[in-house]
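Peer 1: Shown below is the structure under consideration.
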Amino acid sequence: MRLKEVSESEKITYSKLAQHPLQSWEWGDFRNSYGTKTYRLGHYNGNKLLATFELTSHPIPKTGYVILVCFRSSVPSPEVLREFQDFGKAKSALCIKFEPNVNKLVNGIENKNFNRSKKYLLSNGCALGRAQFARYSFIIDLGKKEDDIFTNFNSKTRYNVRLASKHGVKVVEDNSPAAWDAYWRLTQETTQRQHFYSHNLHYHRLLWEHLKPAGMAHLLTATFHGEVLSTWMLFLFNDLLYYPYGAWSGKHKEVMANNLMMWEAIRWGKAHGAKKFDLWGAAGPETPKDDPWQGFTRFKEGYGGDLVEFLGSYDLVINKPLYKIYRQAESLRWSLLRLRKILPF
Numbered sequence: 032m033r034l035k036e037v038s039e040s041e042k043i044t045y046s047k048l049a050q051h052p053l054q055s056w057e058w059g060d061f062r063n064s065y066g067t068k069t070y071r072l073g074h075y076n077g078n079k080l081l082a083t084f085e086l087t088s089h090p091i092p093k094t095g096y097v098i099l100v101c102f103r104s105s106v107p108s109p110e111v112l113r114e115f116q117d118f119g120k121a122k123s124a125l126c127i128k129f130e131p132n133v134n135k136l137v138n139g140i141e142n143k144n145f146n147r148s149k150k151y152l153l154s155n156g157c158a159l160g161r162a163q164f165a166r167y168s169f170i171i172d173l174g175k176k177e178d179d180i181f182t183n184f185n186s187k188t189r190y191n192v193r194l195a196s197k198h199g200v201k202v203v204e205d206n207s208p209a210a211w212d213a214y215w216r217l218t219q220e221t222t223q224r225q226h227f228y229s230h231n232l233h234y235h236r237l238l239w240e241h242l243k244p245a246g247m248a249h250l251l252t253a254t255f256h257g258e259v260l261s262t263w264m265l266f267l268f269n270d271l272l273y274y275p276y277g278a279w280s281g282k283h284k285e286v287m288a289n290n291l292m293m294w295e296a297i298r299w300g301k302a303h304g305a306k307k308f309d310l311w312g313a314a315g316p317e318t319p320k321d322d323p324w325q326g327f328t329r330f331k332e333g334y335g336g337d338l339v340e341f342l343g344s345y346d347l348v349i350n351k352p353l354y355k356i357y358r359q360a361e362s363l364r365w366s367l368l369r370l371r372k373i374l375p376f
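Throughout, the working numbering is defined as the position within the sequence shown, counted from one, plus 31.
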């Protein structure tokens, strides 16, 4: 058993083993092109690739140290964690942040490996970290018949989907340059209107240029009387559908374009062989009622998916003294950011 960098000749095998779009080979190409150093590591038994881990490197300004991040991989085995310690030291990392692709139903069948994985990571050199990825999400089972999926929506959602159809809202896949321009224009409008963070134009364009040719990224567009009201970017990867980005003009609320958009995204996913649909983030049960995430969480909840909780963030500590200082500085930074939101100036 050993951990080593994966060569491009093993790209196909690597992609089949990757558990999430953020672990895909194409995502690594995109991040590298954006200027983020990326490492593709494999857990091997002899020459056989068993598991993959894609890490991005994030420098800590003016220190010479980095934080390595591994989103939505499998949980590393004990021997792999030991090798990650050596890898982290060689790359001057304070820690390697793992946010594994392990989840459990919030109100459903318990995943016994969920709590075991938590205990295992904490007893093998990891500390609880500050999560960068959403802890909760809704996942819709696309293996059911369309009628059964629709019946499982809440009544208000079903009504809104039908209402949008009656109003003449049209949803189509459109990956043309004009559709991409509409997607970016509406993304800017949405972020300005709702005051949330979005990556810049360069980031989105490079993402599209790398993931679209690979068949991973797709645009759905909702129009009303020829006017684009909503655009969503979907990821399709290893038989799973994801909804990472969506933008809306804010116009014609009465026609419920986004409700029909979600239904057509579900139908699109089924038609393209997706087994599940991850809605990419939601507020959890403990989230305050006035949290900004509650709005889109209620929207997603209407589609009958299972609310799942992911394992969270675990930092494999490489440099203990400096890691402790880093966490204190990180805590102070977030406290200041929260304070800025409530100050009147």
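In this text, a Cβ means the ideal position worked out from N, Cα and C, and glycines have one as well.
Since the model is a prediction, treat every value here as computed from it, not as a measurement.
1. According to DSSP, which residues form a beta bridge with W263?
2. Report the option in K351, L265, G326 and S154 whose CA atom is closest to the CA atom of A305.
3. So what does DSSP say about L72, is it helix, strand or coil?
4. Could you spell out the range, first to last residue, of the alpha helix (DSSP H) harbouring I349?
5. Mind reading off the beta-carbon distance from S168 to A313? Whole number of angstroms is fine, and I expect it under 8 Å.
6. Looking at A253 and V202, is the spacing between their C-beta atoms short of 7 Å?
7. So the candidates are L271, A288, E285 and T262; which of them puts its Cα closest to the Cα of A278?
8. Which class does F129 belong to by DSSP, given the choice of helix, strand or coil?
9. For A288, which residues in the same chain have their Cβ closer than 7 Å to its Cβ, ignoring the five residues on either side in sequence?
10. Helix, strand or coil, according to DSSP, for F145 in the structure here?
11. Just checking, does the segment 310-330 make contact with the segment 124-134 on the three C-beta pairs under 8 Å criterion?
12. Using a Cβ cut-off of 7 Å (strictly closer), state whether W56 contacts chain D.
13. Can you tell me where the alpha helix (DSSP H) holding V192 begins and where it ends?
14. When you compare only the Cα positions, how much space is there between W239 and A248?
15. Along the chain, where does the alpha helix (DSSP H) containing V286 start, and where does it finish?
16. Should L48 be labelled buried (16 or more other beta-carbon atoms within 10 Å of its own) or exposed?
17. How about F118 and S104: are their beta carbons less than 7 Å apart?
18. Do S46 and W58 have their CB atoms nearer than 7 Å?
19. If we ignore side chains and look at the alpha-carbon of each, how far apart do I91 and F61 end up?
20. Between K42, H51 and E41, which lies nearest to W311 when the distance is taken from Cα to Cα?
21. Determine contact between the segment 229-236 and the segment 291-302, defined as no fewer than three beta-carbon pairs at a distance below 8 Å.
22. List the residues that DSSP assigns as beta-bridge partners of V202.
23. How would you label G66, buried or exposed, when you count the other beta carbons within 10 angstroms and need 16 or more for buried?
Peer 2: Reading it off the structure:
1. Among the bridge pairs identified by DSSP, W263 is matched with L251 and G277.
2. Minimum Cα-Cα distance from A305 among the listed residues K351, L265, G326 and S154 corresponds to L265.
3. strand
4. Where I349 is concerned, there is no enclosing alpha helix (DSSP H), given that its DSSP letter is neither H nor E.
5. 5 Å
6. yes
7. T262
8. F129: strand per DSSP, three-state reduction.
9. A195, V200, A253, F255, L260 and S261
10. In the structure shown, F145 sits in a helix (DSSP, three-state: H, G or I).
11. By the Cβ test, the segment 310-330 is not in contact with the segment 124-134, since fewer than three Cβ pairs between them sit closer than 8 Å.
12. Note that chain D does not occur in the displayed structure, where there is just one protein chain.
13. S186 to H198
14. 7 Å
15. Segment: none, V286 is in no alpha helix (DSSP H) and carries neither H nor E.
16. buried
17. no
18. Remark: C-beta atoms of S46 and W58 do not approach each other more closely than 7 Å.
19. Near 21 Å, if we compare the C-alpha coordinates of F61 and I91.
20. H51
21. no
22. A253
23. exposed
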